[in-house]
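Sequential numbering from 1 applies to the sequence shown in UniProt numbering. Written out below as structure tokens is the structure these notes cover.
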Amino acid sequence: MLNVKEFSKESEPMSKSKKIAVSKKRQLTILKEFYDFLEINDEVICEVMDGFLVIKPVEEAVDFSEYILRDLIQEGFESGEEMLKEFTYRKSQIQPAIQQLIAESRDGKEYSSTDEFFRDMEEDE
């Protein structure tokens, strides 16, 4: 499922670095300013990219179930196996469709996150 963090037009990209200590237990403290700006909750994604440690917030999953069900009802599906089968199929097609849209709209650009992609999309409008 696609993870998308809601993008606010008022937010401006933060470009700031800060040296922080790492404890003997390999623990570090994320600055409150960074924590608040990135709207971090209980978990972060930690990955190594090109020799750098990247820490980013876990983005909330967007659930399209309600939209799919509304479409199915408008198309005349009644509750039952046929509706369930079509719902399952359509839900499985969301991620590939979104990935295709992203690929088509990139124009050769590379994005490191969905936030970066949507920010670029907003600038194009």
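Don't be surprised by glycine CBs; every beta carbon is placed ideally from N, CA and C.
Check whether Ala21 and Leu31 have beta carbons under 8 Å apart: no
Within 8 Å, strictly: CB atoms of Phe87 and Ile73: no
Span of the alpha helix (DSSP H) around Leu53: It is not in any alpha helix (DSSP H) - Leu53 instead sits in the beta strand (DSSP E) that spans 52 to 57.
Where Asp50 falls, given that 16 or more other Cβ within 10 Å makes a residue buried: exposed
Under the three-state DSSP convention, the category Ile45 falls into: strand
Assigned exposure category for Asp63 - 16 Cβ within 10 Å defines buried: exposed
Three-state class that DSSP yields for Ala21 in the structure shown: coil
Per-residue DSSP class, three states only, for Leu69: helix
Chain-order list of residues whose beta-carbon lies under 6 Å from that of Glu47 (same chain, five-residue window excluded): Val54
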